[in-house]
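First up is the structure itself, then whatever we jot down about it.
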Amino acid sequence: MTLRQAKDPPTILAVDDLQDNLKLLERLLAPRGYHVVTAETGAQALECFKEVCPDVVLLDLIMPGTDGYDVCRAIKGDPRFRHIPVILLTGTTEHEAYVKAMEAGADDFVLRPFDSAVLEARIGSAVRAKRLQDKIIEHQRHLEQRISERTAELERIQQATVFSLAKLAESRDPETGEHLERIRRYVRLTAECLAGKGLMDTPITAEFIESLYVASPLHDIGKVGIPDQILLKPGRLTAREFDVMTWHTTIGGDTLSAAHKEVGSNTLLAIGRDIARHHHERWDGTGYPDGLKGEQIPLEARIVALADVYDALTSKRPYKEPYPHAKARDIILEGAGTQFDERVIQAFLALEGPFQEIQATLRDSSAPTLLQRIFETLHESGTRALE
């Protein structure tokens, strides 16, 4: 609905089943600068609202079909029009009619036969009230738009900050490449598939999927606390080194948990916390750091766990070449019910084509990034100093 501007001539919708009454109102109001729209039935009056937004409705009570009470209730029951003043023009003085009209939402009454000066004064007062309400509504809409734009901007900043922090943490690891971008695309597809197929007992919302997409790059943010000699080791880790590497789940989870407590209720940080801490848990309870089992593992962590393993299998590492999709799929299937939630695997199997497309499109570059070269240089310098 377009609100009328103060410079526009006030529009009056006159509703009466008698033509003579409508002509009388037109002769009275048109010379005084009012634009008069007429309707002979209640149904016609309501139809007029599709094309015009009147400043005041002059409404007869007794009409065949849709009477004045019904018209008034319809106007006042619509959030778009309820602020439009409705003045009843009636010849009845029955108390019950007045009560019924007030219950329907009428704003004012003028008894027939009416004094033209009184009617014009009532209409003028109603127009001023309507125009003032229009200004309030327009100001409210402007504020809501500003708030919406500002909220969207803050969300974009939050998402960019999350991804930048995750990217900075991952930059210490020369093996990651486009890992973060692939991971968040895998998890979004998987969550959407789980939701679309209704595979989970609890409905998956659009808000959860978006938060999962944004927060999933934080899964390995705890690696910032892992010593270079372990994180950057080109070969396989010893048992002791692997034990130290597992600390990244606790470091990441605790860090994001502290941030969540500082901020208060924040879905994005809560999901990021659970992903960072629990994406190495296993369905059979033999994972780390907490040995959670089955449904104890947050859904977001179960989804990221599969995506992370698939990406590791299909990516090049210093100790292995990338596995083809078929081999990676077979390895994941072997973990059904032990490492992975079987329902998440069902979604993965339904998404084999898109997964392969993402892996091919976002294949890692062999050239290290600037930050990776800096970390490698610092690591080498520190090693030589120790020697």
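Numbering (this note's numbering), first residue to last: 481 to 867. Just so it is clear, CB atoms sit at the ideal spot from N, CA and C, and this is done for glycine as well.
**OP:** With DSSP as the reference, label residue 498 as helix, strand or coil.
**Re:** coil
Original post:
Given that a residue counts as buried once 16 or more other Cβ atoms are within 10 Å of its Cβ, and exposed if not, what is residue 761?
Top reply: buried
Original post:
Helix, strand or coil: how does DSSP classify residue 800 here?
Top reply: strand
**OP:** Could you pull the start and end residues of the alpha helix (DSSP H) that residue 838 belongs to?
**Re:** 832-841
Subject >> Cβ shell of residue 554 (< 7 Å), same chain only, five flanking positions each side left out >> reply: 526
Original post:
Which partner residues does residue 536 have in the DSSP bridge list?
Top reply: 492
Subject >> Where residue 561 sits in the DSSP three-state scheme >> reply: coil
Original post:
residue 519 bridges to which residues according to DSSP?
Top reply: When beta bridges are read from the DSSP output, residue 519 appears opposite 495.
**OP:** Would you mind listing the alpha helix (DSSP H) stretches within the stretch 697-764 that are 4+ residues and don't spill past its ends, in chain order?
**Re:** 708-711, 719-725, 727-743 and 747-758
Subject >> Start-to-end residues for the beta strand (DSSP E) that takes in residue 811 >> reply: Note, residue 811: premise wrong, no beta strand (DSSP E); alpha helix (DSSP H) at 805-814.
Subject >> Identity of the residue in 798, 827 and 747 nearest residue 786 by Cα >> reply: The shortest C-alpha separation from residue 786 is found at 827.
**OP:** Name, in chain order, the residues that DSSP records as bridge partners for residue 568.
**Re:** 539 and 589
Original post:
Helix, strand or coil for residue 482 per DSSP?
Top reply: Since pLDDT at residue 482 reaches only 46, below the 50 mark, its modelled position is unreliable, and no value is offered.
**OP:** Could you work out which residue in 803, 695 and 581 is closest to residue 740 when comparing CA atoms only?
**Re:** From the listed residues 803, 695 and 581, the smallest Cα separation to residue 740 is found for 695.
Original post:
Taking all protein chains shown into account, do 16 or more other C-beta atoms lie within 10 angstroms of the C-beta of residue 562, making it buried, or fewer, making it exposed?
Top reply: exposed
**OP:** Between the Cα of residue 722 and those of 732, 707, 736 and 735, spot the shortest distance and give me the residue it belongs to.
**Re:** For residue 722, the closest C-alpha among the options 732, 707, 736 and 735 is that of 707.
**OP:** Could you check what DSSP says for residue 820 in three-state terms: helix, strand or coil?
**Re:** strand
Subject >> Alpha-carbon spacing of residue 511 relative to residue 489, whole angstroms >> reply: 12 Å
Original post:
Alpha carbon to alpha carbon, what distance is there between residue 742 and residue 558?
Top reply: 43 Å
Original post:
With 16 as the cutoff for other CB atoms within 10 Å, does residue 766 come out buried or exposed?
Top reply: exposed
Original post:
On the three-state DSSP scale, how would you describe residue 610?
Top reply: helix
Original post:
Quick one: what does DSSP say residue 693 is sitting in, helix, strand or coil?
Top reply: DSSP places residue 693 in helix when its eight states are reduced to three.
**OP:** Determine, using beta-carbon pairs with one atom in the stretch 495-513 and one in the stretch 526-542, whether at least three such pairs fall under 8 Å.
**Re:** yes
Original post:
Are the CB atoms of residue 754 and residue 780 nearer to each other than 8 Å?
Top reply: yes
Original post:
When the Cα atoms are used, what is the spatial distance from residue 735 to residue 814?
Top reply: Going by the C-alpha atoms only, they are around 33 Å apart.
Original post:
Should residue 798 go down as buried or exposed, given a rule of 16 or more other Cβ atoms within 10 Å for buried?
Top reply: Under this definition residue 798 is an exposed residue.
Original post:
By DSSP, does residue 670 sit in helix, in strand, or in coil?
Top reply: helix
Original post:
First and last residue of the alpha helix (DSSP H) that includes residue 681?
Top reply: Per DSSP, residue 681 belongs to no alpha helix (DSSP H) and is neither H nor E.
Original post:
Measuring CA to CA, which of 724, 515, 548 and 523 is closest to residue 473?
Top reply: Examination of residue 473 is not possible in this model, given that the chain is present from 481 through 867 alone.
Original post:
When you compare only the Cα positions, how much space is there between residue 800 and residue 704?
Top reply: If I take the Cα positions, the gap works out to 24 Å.
Subject >> Distance between residue 519 and residue 494 (C-alpha atoms, nearest Å) >> reply: 6 Å
Original post:
Can you give the Cα-Cα distance for residue 791 and residue 732, rounded to whole angstroms?
Top reply: 20 Å
**OP:** Could you name the residues of the same chain whose beta carbon sits closer than 7 Å to that of residue 607, not counting the 5 residues immediately before and after it, in chain order?
**Re:** 490, 535 and 536
Original post:
Using CA coordinates, which residue listed in 724, 794, 688 and 778 is at the minimum distance from residue 748?
Top reply: 688
**OP:** To the nearest angstrom, report how far apart residue 746 and residue 625 are at their CA atoms.
**Re:** 23 Å
Original post:
Mind checking residue 819: buried by the 16 CB within 10 Å criterion, or exposed?
Top reply: buried
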